[in-house]
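Since the structure comes first, as structure tokens, the remarks are kept for the end.
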Amino acid sequence: MAETARYDALLAAGELDQARREAEAALKRDASDLAARVALARLAAFDGNEAQAESWLLGLSAEEPGVQLVRAALLTRRGDAAGALALYRKVAKAQPQRAEAWFGQGYLLAEAGDNAAAQSALERAVKLAPDAGIHHFHLGRVLFAQEKLKDGFHHLQESLRLNPRHGPSYLVLAVALQAGGELEAAEELLTTGLKVLPDDPYLLNGLCNVLLARGNLPGAVKAAETLARVEPDSPAAQGNLARLRLAQGRLPEALELCRKLASRGQATAQSRMVEGMALEATEPVDIPAALSAWREAVKLSPDDWAPANNLGNLLMRIPEDELPGAGQQALEVLEEAHRRAPERPEPRLNLAVVHARLGEKDRAKALARELLALPRLAPEWREQAERLIQALA
């Protein structure tokens, strides 16, 4: 039992290499060492090597709690949450002192959205293994999900104290700080994380977002450039840099990045939107290319209202003699934008404008009045809607 507890502690602390070395050494001394075989099976499961994990379990009793923990981990990887949860509960009932059994339950319950039950299970795991940073991390996330911010911060900070190289702890804590308006603290935390984990892509992306929120465009660009260098094949990283090149007004570079993604078959909704905006801002405007970019963005992001709204705006600006049917096309895409986000004022107002231009004044006025009836409508949208109604009268 002491050996099992030792392996549990090493695995929970993230000391995978140390656990592997000790288990392999134990097997050299005794090839039938149960705790060592189970530990190596768990390590294989962590690595995603299911066949290797199963091979370590050959000949071991299916009722052995350690074996059941490995099987639960494998079921989790395969997406069988119900089967995994049943095994974790079985182990917890047989050996309630096994922190891993409570942690597994908490993780799966959190994934299922049952945060209250997840909190209860994870608190048991933390109590049984208070030095396991990963337990504190997941408990902190569950507490945040329930808006128990003070306790959530405590456990995430404890996670970092126990494991300063755990990138997700920095990221989740920074997101929480950012949501609370503590942008300077979020920046400081992510900068600290990057000193411990240089060039971590998630921390770089988080830092870029925080710096943008603080209005520090040069700093955000520097983070985005580093991220693009670290992940040259990542469409998200390259698209993010293209977005910031657009913000800098470096249109040719933004377009080059977008076109490179397209040539590799990696265009994203974001990169197509950046391409569309850059093309519209470049004189003379390449209307066909801009329309094509926006249409691709609409396809690549089937739930986002913004690409359809922007495509509609561009079509409204094109004279009918240059593109016959431009007004009707604008109407169709703006209806789609409004369908995607009926609560947003922009598509509704643009839809009213295009109806007015097509001579459908009653429909235009009705849409404008619907807009005015929205609760908490911003003054700018109220003013534009009222002006449209007056013009139509």
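Under UniProt numbering, read the sequence shown as residues 1 to 393, first letter to last.
Glycine included, every Cβ here is placed at the ideal spot set by N, Cα and C.
Values in this document were obtained by computation on a predicted structure and should not be read as measured data.
Query raised in the report: Buried or exposed: A378, going by 16 or more other Cβ atoms within 10 Å of its Cβ?
Result: Working through the sequence shown from its first residue, we reach residue 378 at position 378. Exposed, since its Cβ has fewer than 16 Cβ neighbours within 10 Å.
Report task. Specify the secondary structure class of E283 as computed by DSSP and reduced to three states. Result -> Within the sequence shown, numbered from 1, the residue matching residue 283 stands at position 283. E283: coil per DSSP, three-state reduction.
**Report entry** Contact under 7 Å by Cβ, L207 with L189
**Finding:** Looking up residue 207 in the sequence shown gives position 207. Looking up residue 189 in the sequence shown gives position 189. No.
Query raised in the report: Exposed or buried, which one is P270 when buried takes at least 16 other CB atoms within 10 Å?
Result: Residue 270 sits at position 270 when you count from the first residue of the sequence shown. First, the amino acid is wrong: residue 270 is Gln here, not Pro. Classification of Q270: buried, given that the 10 Å Cβ count is 16 or more.
**Report entry** Whether H155 touches G133 by CB criterion (7 Å)
**Finding:** Position 155 of the sequence shown, counting from 1, holds the residue named residue 155. Position 133 of the sequence shown, counting from 1, holds the residue named residue 133. Against a cut-off of 7 Å, the Cβ pair of G133 and H155 comes out as no contact.
Query raised in the report: When burial is assigned at 16 or more other CB atoms within 10 Å of the CB, is N310 buried or exposed?
Result: Taking the first residue of the sequence shown as position 1, residue 310 is located at position 310. It counts as buried.
Requested in this report: My understanding is that H135 touches A242, with C-beta atoms under 8 Å, so please give their C-beta distance in whole angstroms.
Outcome: Translated into positions along the sequence shown, residue 135 becomes position 135. Translated into positions along the sequence shown, residue 242 becomes position 242. The Cβ separation is near 40 Å, so there is no contact.
Requested in this report: Please report how far the alpha carbon of N216 lies from the alpha carbon of P284, in whole angstroms.
Outcome: Taking the sequence shown and counting its residues from 1, one reaches residue 216 at position 216. Taking the sequence shown and counting its residues from 1, one reaches residue 284 at position 284. Going from the Cα of N216 to the Cα of P284 covers about 31 Å.
Query raised in the report: Roughly how many angstroms separate the alpha carbons of L16 and N350, rounded to a whole number?
Result: The sequence position of residue 16 within the sequence shown is 16, counting from 1. The sequence position of residue 350 within the sequence shown is 350, counting from 1. Roughly 57 Å separates the two Cα atoms.
Report task. Have a look at Q18, Y202, G276, E64 and flag the residue whose alpha-carbon is nearest the alpha-carbon of residue 396. Result -> Since the first residue of the chain shown is 1 and the last is 393, residue 396 is not available in this structure.
Query raised in the report: Is G325 buried or exposed, if buried means 16 or more other CB atoms sit within 10 Å of its CB?
Result: For the purposes of this step, residue 325 is identified with residue 325 of the sequence shown, where counting begins at 1. Label assigned to G325: exposed.
Query raised in the report: Which word fits L58, buried or exposed, when buried means at least 16 other C-beta atoms lie within 10 angstroms of its C-beta?
Result: Sequence index remark: in the sequence shown, residue 58 carries index 58 (1-based). Flag for L58 reads exposed.
Query raised in the report: What's the gap between the Cα of L122 and the Cα of R317?
Result: Within the sequence shown, numbered from 1, the residue matching residue 122 stands at position 122. Within the sequence shown, numbered from 1, the residue matching residue 317 stands at position 317. If you take the alpha carbons of L122 and R317, they lie about 57 Å apart.
Query raised in the report: Considering only residues of the same chain and omitting the five flanking positions on each side of V333, which have a CB-CB separation below 6 Å?
Result: Taking the sequence shown and counting its residues from 1, the one referred to as residue 333 is at position 333. Excluding sequence neighbours, V333 sits near A308, L311, G312.
Query raised in the report: Would residue 420 be called buried (16 or more neighbouring beta carbons within 10 Å of its own) or exposed?
Result: In the structure as shown, the chain begins at 1 and stops at 393. Residue 420 is therefore absent and cannot be evaluated.
**Report entry** C-beta contact flag for L371 and R348 at 7 Å
**Finding:** Start at 1 with the first residue of the sequence shown, and residue 371 comes out as number 371. Start at 1 with the first residue of the sequence shown, and residue 348 comes out as number 348. Closer than 7 Å, so yes.
Query - Under the three-state DSSP convention, the category P302 falls into - result: Counting from 1 along the sequence shown, the entry for residue 302 is found at position 302. DSSP places P302 in coil when its eight states are reduced to three.
**Report entry** Backbone CA spacing between L388 and P345 [nearest angstrom]
**Finding:** Numbered from 1 along the sequence shown, position 388 holds the residue referred to as residue 388. Numbered from 1 along the sequence shown, position 345 holds the residue referred to as residue 345. Each residue's alpha carbon lies about 14 Å from the other.
Report task. Note the first and the last residue of the continuous alpha helix (DSSP H) segment covering D17. Result -> Walking along the sequence shown from the start, residue 17 turns up at place 17. D17 -> alpha helix (DSSP H) spans 16–29.
Query raised in the report: DSSP on T192, reduced to helix/strand/coil?
Result: Indexing the sequence shown from 1 puts residue 192 at position 192. In this structure, T192 counts as helix in the three-state DSSP scheme.
Query raised in the report: Among Q97, P164, E386, E343, which one has its Cα closest to the Cα of P375?
Result: Stepping through the sequence shown from its first residue, residue 375 is reached at position 375. The shortest C-alpha separation from P375 is found at E343.
Query raised in the report: Can the beta-carbon of Y7 be found less than 7 Å from the beta-carbon of A39?
Result: Counted from its first residue, the sequence shown places residue 7 at position 7. Counted from its first residue, the sequence shown places residue 39 at position 39. Contact: yes.
**Report entry** Unbroken alpha helix (DSSP H) run spanning L207, endpoints
**Finding:** If you number the sequence shown from 1, residue 207 lands on position 207. 201–213 is the extent of the alpha helix (DSSP H) around L207.
Requested in this report: Starting from the Cα of A281, find the closest Cα among R214, E182, Q248 and give me that residue.
Outcome: Taking the sequence shown and counting its residues from 1, one reaches residue 281 at position 281. For A281, the nearest C-alpha among the options comes from Q248.
Requested in this report: From the DSSP output, in three-state form, read off A112 for me.
Outcome: Position 112 of the sequence shown, counted from the start, is the residue given in the question as residue 112. Coil, per DSSP.
Query raised in the report: E256 lies in the alpha helix (DSSP H); which residues open and close that run?
Result: Sequence index remark: in the sequence shown, residue 256 carries index 256 (1-based). Looking at the DSSP string, the run of the alpha helix (DSSP H) that includes E256 is 251–263.
Query raised in the report: Do A23 and A36 have their C-beta atoms closer together than 7 Å?
Result: For the purposes of this step, residue 23 is identified with residue 23 of the sequence shown, where counting begins at 1. For the purposes of this step, residue 36 is identified with residue 36 of the sequence shown, where counting begins at 1. Their beta carbons are under 7 Å apart, which means A23 touches A36 by this criterion.
Query raised in the report: If you compare alpha carbons, which of R78, T76, A129 is closest to P96?
Result: Stepping through the sequence shown from its first residue, residue 96 is reached at position 96. The residue with the shortest Cα to Cα distance from P96 is A129.
Query raised in the report: Between residue 403 and A236, what straight-line distance do the alpha-carbon atoms span, to the nearest angstrom?
Result: Lying outside 1 to 393, the shown extent of the chain, residue 403 is not represented and no answer is given.
Query raised in the report: Where do the N-terminal and C-terminal ends of the alpha helix (DSSP H) with N350 fall, by residue?
Result: To locate residue 350, count along the sequence shown from 1; it is residue 350. Note, N350: alpha helix (DSSP H), 345–357.
Query raised in the report: So which of Q329, A224, G14 has the shortest CA-CA distance to R245?
Result: For the purposes of this step, residue 245 is taken as residue 245 along the sequence shown, with counting starting at 1. Minimum Cα distance to R245 is reached at A224.
**Report entry** Supposed close pair L203, G193 - CB separation, criterion 8 Å
**Finding:** Locating residue 203 in the sequence shown gives position 203, where the first residue counts as 1. Locating residue 193 in the sequence shown gives position 193, where the first residue counts as 1. With a Cβ gap of about 5 Å, L203 and G193 count as contacting.
Query - Close beta carbons around R71, own chain, < 7 Å, minus the five adjacent residues each side - result: Here residue 71 is taken as the residue at index 71 of the sequence shown, counted from 1. For R71, where only same-chain residues beyond five positions count, the Cβ hits under 7 Å are L87.
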